[in-house]
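Each protein sequence line maps, in turn, to chains A and B. If you count the first sequence from 1, position 188 lands on 326 in our numbering, and the numbers rise without skipping. If you count the second sequence from 1, position 131 lands on 269 in our numbering, and the numbers rise without skipping. The block underneath contains the structure these notes are about, expressed in structure tokens.
Number of protein chains: 2
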Amino acid sequence: MSGVPVPTIKYYLREGLLPAGVLTSPNQAHYDDEHLRRLRLVRALVDVGGLSIAAVREVLGAIDTRGDSLHNKLGAVQEAISEPGSVELNPLAVEDVRAFFERQGERKCVDVTESNVTHMLASALSAARSVGHDHFHELLDPYLEGLKIIAQADLEYIARRGSSDDVIEGMVVGTLIGDAVIKAVRRLAHAQVSRDVIGDGSDD
Amino acid sequence: MSGVPVPTIKYYLREGLLPAGVLTSPNQAHYDDEHLRRLRLVRALVDVGGLSIAAVREVLGAIDTRGDSLHNKLGAVQEAISEPGSVELNPLAVEDVRAFFERQGERKCVDVTESNVTHMLASALSAARSVGHDHFHELLDPYLEGLKIIAQADLEYIARRGSSDDVIEGMVVGTLIGDAVIKAVRRLAHAQVSRDVIGDGSDD
DNA sequence: CAGAATGGATAGCGGAACTCTCCGCTATCG
DNA sequence: CGATAGCGGAGAGTTCCGCTATCCATTCTG
């Protein structure tokens, strides 16, 4: 039904990404719509989000955990879907991040390695500096401006969902698929700019 | 000097990601700043952009190609840094993309598989539908609105660069590092929204 | 001059994500 | 009824990728 190869499903079962089916006999089990839904979620996280199997397990764990506040759950999920970034941090880049937070009136983020997200940001800015883009951090403010519009739309989209669980799942899906969509649309925008400004014709 | 292990550099040389040094004797070669710069670029593409070695080779090839218009080069580079997406396309999602293009007054994109970028977009929307997010495509317009601001900033940033080659390289670096930065900042915006709207305290 | 390092080439390693194989049993079709 | 295809479960095997390790003759370094 899902189009996923049977051995792959067996593998996911073993890895704990899917709950076991209800055994109706020693070698027959029943799987319902919830299994199918979960399987599709796993595939979406892997294919579109590029998450590792381990990260998917973490995310699912956070989704399934009960008895934590919505905000905390969202935080846990966000950490799970954010890779820290493997670049050695440049102190100047760390300072860029700190200054950015200060401009935005954030009192937090004394330590950039505290969260995967801030580490990711510092890591990206470090990489920029390592290839000679020392002023890349100046893009942070315009980026934030654009992303506020996007985050607002995300919020309204999420708010339409029903239960708290749906919100969490919607957050995960919306964030990861949103990342992919944003990536693609930004490239389209670049191509359009390239056509309009440079022209697709003769001059170089 | 780069901090990259010697055997890794040898590997990159073999893979054609770095040009050979100038031999001063049978087992001694000279590497200049250009080599170092190229090496750092490769690491940035791999670490921050998450590109495979093969994709890096493609990108470098496009950067180094001479005798093509800037616009075409940018197009080639953009294809190289955009993974097509491995999700089976949903016709409804393809239609979402088509409608989006029509709304934006684009006459192109009769075929969504024509470019990695449009394929990526259709792939992401297909994944959204497969997990029950049938209205995700409604986010395309607000996303574009936010991304226009971002693309404008990108353009101004790139325009400050000198030669045509610098523009290409700046485009690659700016796009990939920009992706990472955008991802991180969007998550920060989400966290902020989560704090403000839901509150980080007691209620669920 | 000893010892370390170099360019170049080949082979091997470790992790990740499947995929294969085997087993005994069971659903299904004609 | 019998033949055949398929299942659940578990271990082992495969493939790919990005490095590492080893080796060699030569050459730089202290």
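All residues carry an ideal CB built from backbone N, CA and C; glycine is no exception. Predicted, not measured: the structure shown is a model, and the values here were computed from it.
Residue contact check for residue 166 (chain B) against chain A: no CB pair falls below 8 Å. When 8 Å is used as the limit between beta carbons, residue 281 (chain A) is near these residues of chain B: 288, 291, 316, 319, 320 and 323, in chain order. Judged by their CB atoms, residue 185 (chain A) and residue 225 (chain B) are nearer to each other than the 8 Å cut-off. Listed by position along chain A, the residues whose Cβ is nearer than 9 Å to that of residue 335 (chain B) are 293 and 297. Proximity of chain A to residue 193 (chain B) at the Cβ level (cut-off 7 Å) is not reached, the minimal Cβ distance being about 14 Å.
One thing to note: residue 287 (chain A) has its Cβ within 8 Å of the Cβ of residue 283 (chain B). Here residue 258 (chain B) is buried, its C-beta having at least 16 other C-beta atoms within 10 Å.
Counting only the Cα atoms, residue 244 (chain A) lies some 26 Å from residue 305 (chain A). Your pair residue 180 (chain B) and residue 150 (chain B) checks out as a contact, with CB atoms roughly 6 Å apart and the cut at 8 Å. Among the CB atoms of chain A, none fall inside 8 Å of the CB of residue 214 (chain B). Within chain A, not a single residue places a beta-carbon under 7 Å from that of residue 236 (chain B); the smallest gap is close to 13 Å. Taking the C-beta atoms as reference points, residue 260 (chain A) is found nearer than 8 Å to residue 250 (chain A). When CB distances to chain A are screened at a threshold of 8 Å, the residues of the segment 172-192 of chain B falling below it are 175, 178, 179, 181, 182, 185, 186 and 188, in chain order. Counting only residues of its own chain and dropping the five nearest sequence neighbours on each side, residue 173 (chain B) has a CB closer than 8 Å to the CB of 156, 157 and 159. Our two residues, residue 289 (chain B) and residue 296 (chain A), have alpha carbons roughly 25 Å apart in a direct line. As a beta-bridge residue in DSSP terms, residue 160 (chain B) pairs with B:168. Judged by beta-carbon spacing, residue 234 (chain B) lies within the 8 Å limit of residue 263 (chain B), meaning their Cβ atoms are closer than that value. Of the candidates B:175, B:309, B:170 and B:195, the residue whose Cα lies closest to the Cα of residue 209 (chain B) is B:309. The beta carbon of residue 217 (chain B) sits closer than 7 Å to the beta carbons of 253 and 254 from its chain, once the five residues preceding and following it are set aside; these are given in chain order. Neighbourhood of residue 255 (chain A) in chain B, by CB distance below 8 Å: 322, 325, 326 and 329, in chain order. Shortest Cα-Cα distance from residue 200 (chain A) to any of A:144, A:215 and A:163 involves A:215.
Against chain B, the beta carbon of residue 313 (chain A) has neighbours under 8 Å at 324, 325 and 328, listed in chain order.
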